[in-house]
Each structure stands twice: as structure tokens, then as C-alpha cells.
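In the numbering used here, the protein residues as written are 241 to 802. Where a beta carbon is used, it is the ideal one built from N, C-alpha and C, also for glycine. No experiment lies behind these values; they were computed from the predicted model shown. Written below as C-alpha cells is the structure these notes are about.
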Amino acid sequence: MRADFPILRTLAHGKPLVYLDNGATTQKPQIVIDATDTYYSRENSNIHRGVYELSQLATTLYEESRIKIQKFINAAESREVIYTKGTTDSINLVASSLGRSTLKPGDEVLISHMEHHSNIVPWQLICEQTGAMLKVIPINEAGELIFEEFEKLLSPRTKIVSVVHVSNSLGTINPVKQIIDLAHKQGAVVLIDGAQWVAHGPTDVQALDCDFYAFSGHKIFGPTGIGILYGKAKLLDAMPPYQGGGDMISNVTFEKTTYNDLPYKFEAGTPNIAGGIVLGTAIDYVSNIGLEKIAAYEAELLAYAQARLAEIPGVRLIGTAKKKASVMSFITSGVHPHDLGVLLDLEGIAVRTGHHCCQPVMDRFHIPATARASMAAYNTRDDIDRFLAAVRKVTASYTPRPAQSAAPSSSNGKILFPPAVAESPEAAAQELLDNFDMLGDWQTRYQYLIEMGGKLPPMPKELKTDTTRVHGCQSVVHLYSQRDPKDKQVFNFIADSDADIVRGLIAILERLYAGQKADAVAKFDVETFFKEIGLDQHLSGGRRNGLSSMVSRIRTEAAEKV
Ligand code: C6P
């Protein structure tokens, strides 16, 4: 199977790529890449509209793909398969159409504590609009849904139950069949978020008897921007359209519009035609391998990986459910997950770090983030061994920031602001550029950043408030500033973060700006500096945004504080 995925033969930081971020998106086999090429080279045209041959070809391929997907999830009819942009879009469709048209004050929508934001926020929006109430099924320390609490929360007021099949942040496989059966006894309809399941085991929506099932193409070896909402025809037929536009209508006059039949009623506008067709190719690919086989293989790989990961000193697994899919979320005692992610990347290993769009899960475990290795059928024991070796190496060699050895930034209640390191931000920038030039490759530069972060004096706890919090950063960042009492032109600041790599960036900002005149802060062209030093290219998008948020906070405070 590995041979089918060209990207798995590429290098990351000069080392063979070990891709363990399949929960975010899976890689694509050559057959899927080729199908996209074929579509745009030979089959492209709009569907359901043209009388000419090419349009009919594209329409046929698109509708044949729908049938493949119908068979793949064992839906009773192909009109129960709605093309969407992805899981998020599918859930929003149900919340907006069914939720808005049926929910009333006093009704309840039941979700679980382990939901992805895309199965929380759409329901919050609809509950706000309809007066219905959102209720949450709690989870235990292992990250399993507490079934007795679910039973207690279920009542005739429960109109919709929307739960995840497999948690993306914990790996828990939920007992969805039991959930569906119990919810049906109370007359509730049930949506299952299958984003993290479909590529990892067989799906049979009729056997499950779920009312809706949502998933994304890109997590099952297919393209991004395409997903599926399965819905029982009886329910979909009764639901009002969610979006208006071309293709979803039967007849339009200014007085009255009538709507198309299923599935088109929910597919307004020109869809992702290539995506729909190529998703069919991805489904063929995975079906030919066999989902039962994939499930068995991944279970074995997880058992191998998880037991060994848990043995590494300082590692704590978050999510230890008895029934788990191939996802390992973990934290380590010394290294912030964001720093760990950067250091693993330097070893050629791609994992995701952060809250995984599950902030309530992080809050439940009182942690800001985890590192997450999520496996797919093409991962091997060799991948796992390299990942484990890298985690061992990073955690063993990482020197946790010794709070005492760094100079405190407060003494006897007086804040010790760092002084200017050069006569102007431009001069400080030149020194930094010279330093970075000497460091050579980005591996060394990252290490240097992390070391700089380690040396940054910690910010006094009492200054870490909501007012000093800088929003827009992936990690927690606080920034406190003041004009120098002796020279009101001088801008002083300190900042801190829970991730050393971000502290390294703060150290750079301190060298540039701290102790400089406020007007020099305003004038300094930091964007050009970031380009020259290479930070614009070598930081991830999220971290670049975080850096921009810190810079704009510094500029604003330098301009405002007198
Ligand atoms: N989780 C992850 O790294 P979209 O973005 O619409 O394709 O899928 C949203 C979604 C919904 N439910 C679950 C359980 C999910 O895991 C995801 C996507 C990715 O975990 C990206 S945040």
C-alpha cells in the first residue's frame, strides 16, 4: 500500500517522511492523483446542465460516484447520499435545516464532551436561534463517554443527539449503535460524525440505523473540499432546503419557487465535481483493500505503538479508552506539545499538536494541548519505531526551562524590563540577522530559538491576566508593557508563553523592541526583517499569525501607553 502513495517517498528536513497526522488529513494514492488529472484533462464540464456529450460524461461519472458511496456505507438509496464540502458542512446542513425548522424552546440537543468544534458550534448557533438547550454527555478519565449519564440526560425533550463515532483528540470509539437505539426509544433523531471512522473500519448506516452520518473525503484518501451527508430519505424529504441557488430548484418564479428532489434539494450551486468523482476513486481504492483488513491491521499497530509510547519516561497518554482507533494523544512532562511538534518535525516526523479543535476535551483534562500521532493503513512498525525513537530522543535531550536559573523579571514587586540591546530596532535586527546567518540550516536555527526561549525570564504570575493575554496565538501568550518612568519616550515590555518555541520568538521581539523609543518601534519595518531572517517561510501559518498578533500588540501598546 505504501508504494501507492508518492508523498511517502519524500523527505522532511532531509529525512524520510513519517506521516502520522492522518487524523487531520490522509495522503493520496497515485490512482486518486491520476483521477484528478484525468478529470481536468479529459472530462471537465458542468453537470446536470449541458446537453452536450462532455457534460453528460461528467454528470454520469459524478452520479456513478454517488452510487459507489451509497454502496460503501450501505445506504438504502443513492438519493440519501448528499455531496457536501466535508463533515463540518454536513453537520451545519442538518443543524440549519432540521434544527432551525423543528427545534423550539424547551427542546434539547444532546452532544458529548469529546465532540470536535464542528459538532458543537453549529448546535450552539441553532440553539441560540431557536431557544432549544444544548446538553453535554460527560466523559471519564479514560476519555470514554459515561453511558449512565447519557441515559440520564435522554428524555422526551431530547430531539437531536449528535455524537462522534471516533474522537479525533482521544481516539475513543463510541458505542454508536447503543446510542442510536436508546435515543430512538425517546423519539430523538441521531447524527453520527464519522469523520475519523470511515477510513478505519466498515460503515453500515442501515445496520447502525442512524438518521444522519457525516464524513469528509480528505480523511479517506480522497480530495479536500468534498464530503458526504447520509440522511434517511424520509427525514431529508421533510427538511427544508439549507441553501438556495442553481440545481436545487424545480421551478422558480418571483411568486413561488418549488424545490428539486433529493439529493439535489440540498446541493445548491455548481458542486465540487472533480472532488465527487475522485472521492469515488478513493472509495474504490480503500474498498479493494478491505475495511475489515484495515481495521485489524491498525488495531495491531496501535497496540504495538501505544504500549511502547506509554513506556517512555514522562509520557502521559490522553485517551486510554478500551475501544480505541489508531490515535495516540499524549503529553510529556518536560516538553510543551508545540515544542515537541517542532522537534519531531526536524526528525522527519509529522504529528499534530494543539487542541485539535476540541478545546472542551483539553479543559476536561486540564491541559492546553496534546501531541497527537494518528495512524492510517499505510503506516508501518518502522514508522512507529522512528516516531518512538524521536520522542525518546527529544524528551531525553530536552532541558526543561530551569525557572530559577533564568533571571526573574520581577524583584521585590518591581518588574525588571529587559534593556535595549542596540541603539535602534534596525541595529538590533542586523545583529540578529548576523547571528542567524552563522547558524546555517533551519534545524540549528530552531534549536537556537528554543534555547533562547528557555533563557527568557518567566513573567510574574500576577501579570498573567485576561488583559495581558494576546489572542490569536496557538499557545498561551501574555504581554505587559509600560513607558519608562525615567524617560517617557522609552517603551518597555515583557512577554511569556507556555511553549519554548514561542518564547524564542518573544526573545527575538524583545531584542528588536524592548527599551527602544516608542516612535522607533512604530517606524521599524518588522515584516521585511521577518522575510530577511526567513521566519515568514519557516514558521507554520498558525505560528506566523501568532507572531503577527504579538507584533501588532507591541505596536499598539507602544503607540498608546504614555
Ligand atoms: N478533524 C483533525 O486534525 P472537516 O474539517 O470538515 O473535514 O472535518 C471536521 C471534523 C469533524 N469531526 C471530527 C471528529 C474531526 O476529526 C474533524 C476534523 C481534523 O482532527 C482537523 S481539525
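query: For the ligand C6P, is there a heavy atom less than 7 Å away from the beta-carbon of ASP433?
result: Within the sequence shown, the letter at position 193 stands for residue 433. Yes - the ligand C6P has a heavy atom lying nearer than 7 Å to the Cβ of ASP433.
message: For PHE461, count the other beta carbons within 10 Å of its own beta carbon; 16 or more makes it buried, fewer makes it exposed. Which is it?
response: Residue mapping note: residue 461 aligns to position 221 of the sequence shown, counting from 1. That one is buried.
- request: Pull up the CB-CB distance for HIS718 and LYS695, whole angstroms please, since I reckon it's below 8 Å.
  value: Residue 718 sits at position 478 when you count from the first residue of the sequence shown. Residue 695 sits at position 455 when you count from the first residue of the sequence shown. Not really, about 18 Å apart at Cβ, beyond 8 Å.
message: At a threshold of 7 Å, does HIS356 count as lining the ligand C6P (C-beta to nearest heavy atom)?
response: In the sequence shown, the residue the question calls residue 356 occupies position 116. Yes, since a heavy atom of the ligand C6P falls inside the 7 Å radius drawn around the Cβ of HIS356.
message: Measuring straight from C-alpha to C-alpha, what distance separates ILE734 and PHE455?
response: Locating residue 734 in the sequence shown gives position 494, where the first residue counts as 1. Locating residue 455 in the sequence shown gives position 215, where the first residue counts as 1. Answer to the nearest angstrom: the Cα atoms are 45 Å apart.
query: Taking C-alpha atoms, which residue in VAL567, PRO608, GLN546 lies nearest to HIS576?
result: The residue labelled residue 576 in the question sits at position 336 within the sequence shown. Here the closest residue by C-alpha is PRO608.
- request: Identify whether ALA447 lies in helix, strand or coil by the three-state DSSP scheme.
  value: One-based indexing of the sequence shown puts residue 447 at position 207. Note: ALA447 maps to helix in three-state DSSP.
- request: Starting from HIS424, trace the alpha helix (DSSP H) both ways and give me its first and last residue.
  value: The sequence position of residue 424 within the sequence shown is 184, counting from 1. Unbroken alpha helix (DSSP H) run through HIS424: 416 to 425.
message: Any heavy atom of the ligand C6P inside 7 Å of the beta-carbon of ARG604?
response: Position 364 of the sequence shown, counted from the start, is the residue given in the question as residue 604. No; taking the cut-off as 7 Å, the Cβ of ARG604 has no heavy atom of the ligand C6P nearer than that.
message: Any heavy atom of the ligand C6P inside 7 Å of the beta-carbon of ASN408?
response: For the purposes of this step, residue 408 is taken as residue 168 along the sequence shown, with counting starting at 1. It does: the Cβ of ASN408 is within 7 Å (strictly closer) of some heavy atom of the ligand C6P.
- request: Output the boundary residues of the beta strand (DSSP E) element that contains ILE247.
  value: Numbered from 1 along the sequence shown, position 7 holds the residue referred to as residue 247. Run containing ILE247: none; DSSP gives neither H nor E here.
Cβ contact (3+ pairs, closer than 8 Å) linking the stretch 651 to 671 and the stretch 610 to 627: Cβ pair count under 8 Å is below three, so no.
- request: State buried or exposed for GLN644, treating a residue as buried only when at least 16 other CB atoms are found within 10 Å of its CB.
  value: Numbered from its first residue, the sequence shown carries residue 644 at position 404. The predicted position of GLN644 is uncertain, since its pLDDT is 43 and thus under 50; a value taken from the coordinates is nonetheless stated next. The residue is exposed, with fewer than 16 neighbouring Cβ atoms inside 10 Å.
- prompt: Just the Cα atoms here: how many angstroms apart are ASP625 and VAL430?
  reply: Counting from one through the sequence shown, the residue named residue 625 turns up at place 385. Counting from one through the sequence shown, the residue named residue 430 turns up at place 190. Cα to Cα, ASP625 sits roughly 40 Å from VAL430.
- request: Report the three-state DSSP secondary structure of ASP477 (helix, strand or coil).
  value: Numbered from its first residue, the sequence shown carries residue 477 at position 237. If DSSP states are grouped into helix, strand and coil, ASP477 belongs with the helices.
message: Tell me which residues share the same chain as ALA522 and place their Cβ nearer than 7 Å to its Cβ, disregarding the 5 neighbours each side in the sequence.
response: For the purposes of this step, residue 522 is identified with residue 282 of the sequence shown, where counting begins at 1. Here the set comprises VAL272, GLY457, ILE460, PHE461, GLY462.
Whole-number beta carbon distance between THR593 and GLY581, since they are thought to touch under 8 Å: Mapped onto the sequence shown, residue 581 falls at position 341. Mapped onto the sequence shown, residue 593 falls at position 353. Correct: roughly 4 Å between the Cβ atoms.
- prompt: Residue range of the beta strand (DSSP E) that ASP501 falls in?
  reply: On the sequence shown, residue 501 is found 261 positions in, with the first residue counted as 1. Segment: none, ASP501 is in no beta strand (DSSP E) and carries neither H nor E.
- request: Could you name the residues of the same chain whose beta carbon sits closer than 8 Å to that of GLU507, not counting the 5 residues immediately before and after it, in chain order?
  value: Translated into the one-based positions of the sequence shown, residue 507 becomes position 267. Around GLU507: ILE322, TYR323, ASP487, MET488.
field: Candidates LEU374, GLU368, GLY465: closest to HIS353 by CA position
entry: For the purposes of this step, residue 353 is taken as the residue at position 113 of the sequence shown. HIS353 has its Cα closest to that of LEU374, out of LEU374, GLU368, GLY465.
message: Quick check: does the Cβ of THR328 come within less than 7 Å of any heavy atom belonging to the ligand C6P?
response: Position 88 of the sequence shown, counted from the start, is the residue given in the question as residue 328. It does: the Cβ of THR328 is within 7 Å (strictly closer) of some heavy atom of the ligand C6P.
- request: Can you give me the start and stop residues for the beta strand (DSSP E) that THR684 sits inside?
  value: Taking the first residue of the sequence shown as 1, we reach residue 684 at position 444. Careful: THR684 lies outside any beta strand (DSSP E), inside the alpha helix (DSSP H) at 682 to 695.
Between the CA atoms of GLY712 and ALA668 - distance to the nearest angstrom: Residue numbering aside, residue 668 sits at position 428 when the sequence shown is read from its first letter. Residue numbering aside, residue 712 sits at position 472 when the sequence shown is read from its first letter. Cα to Cα, ALA668 sits roughly 26 Å from GLY712.
- prompt: Using a Cβ-Cβ cut-off of 8 Å (strictly less than) and excluding sequence neighbours within five positions of GLU283, which residues of its own chain qualify?
  reply: Locating residue 283 in the sequence shown gives position 43, where the first residue counts as 1. The answer, listed in chain order, is LEU294, LEU297, ALA298, LEU301, ILE517.
field: Cross-strand partners of GLU348 (DSSP beta bridge)
entry: As a working note, residue 348 is residue 108 in the sequence shown. DSSP output for GLU348 lists MET373, THR398 as bridge partner(s).
message: Within 10 Å of its beta-carbon, does GLN483 have 16 or more other beta-carbons around it, so buried, or fewer, so exposed?
response: Here residue 483 is taken as the residue at index 243 of the sequence shown, counted from 1. When all chains shown are included, GLN483 counts as exposed.
message: If you follow the alpha helix (DSSP H) that TYR279 is in, where does it begin and where does it stop?
response: For the purposes of this step, residue 279 is identified with residue 39 of the sequence shown, where counting begins at 1. TYR279 -> no alpha helix (DSSP H), and no H or E assigned at all.
- request: Check whether the Cβ atoms of GLN756 and PRO665 sit closer than 8 Å, and answer yes or no.
  value: On the sequence shown, residue 756 is found 516 positions in, with the first residue counted as 1. On the sequence shown, residue 665 is found 425 positions in, with the first residue counted as 1. In this structure, PRO665 lies closer than 8 Å to GLN756 by Cβ.
- prompt: What residue from TRP682, LEU410, ALA423 has the CA that sits closest to VAL401's CA?
  reply: Against the sequence shown, residue 401 aligns to sequence position 161. Per the Cα distances, ALA423.
Backbone CA spacing between GLN687 and ALA630 [nearest angstrom]: Mapped onto the sequence shown, residue 687 falls at position 447. Mapped onto the sequence shown, residue 630 falls at position 390. Looking at the two C-alpha atoms, the distance is approximately 15 Å.
message: Quick check: what's the CA-CA separation for GLY782 versus GLN714?
response: Counting from one through the sequence shown, the residue named residue 782 turns up at place 542. Counting from one through the sequence shown, the residue named residue 714 turns up at place 474. A direct Cα-to-Cα measurement between GLY782 and GLN714 gives close to 7 Å.
- prompt: For LEU519, which of helix, strand or coil comes out of DSSP?
  reply: Locating residue 519 in the sequence shown gives position 279, counting from the first residue. If DSSP states are grouped into helix, strand and coil, LEU519 belongs with the helices.
field: Any non-hydrogen atom of the ligand C6P within 7 Å of GLY559 CB
entry: Taking the first residue of the sequence shown as 1, we reach residue 559 at position 319. No, the ligand C6P has no heavy atom inside 7 Å of this Cβ.
query: Would you report the Cα separation of VAL291 and GLU303, rounded to the nearest angstrom?
result: Here residue 291 refers to the residue found at position 51 of the sequence shown. Here residue 303 refers to the residue found at position 63 of the sequence shown. VAL291 and GLU303: Cα-Cα distance of roughly 16 Å.
message: For GLU389 and ARG242, what's the separation of their Cα atoms in angstroms?
response: Position 149 of the sequence shown, counted from the first residue, corresponds to residue 389. Position 2 of the sequence shown, counted from the first residue, corresponds to residue 242. So the alpha carbons of these two residues sit roughly 43 Å apart.
message: On a Cα-Cα basis, can you pick out the residue from THR370, ALA514, LEU583, ILE377 that is closest to THR464?
response: Counted from its first residue, the sequence shown places residue 464 at position 224. The shortest Cα separation from THR464 among THR370, ALA514, LEU583, ILE377 belongs to ALA514.
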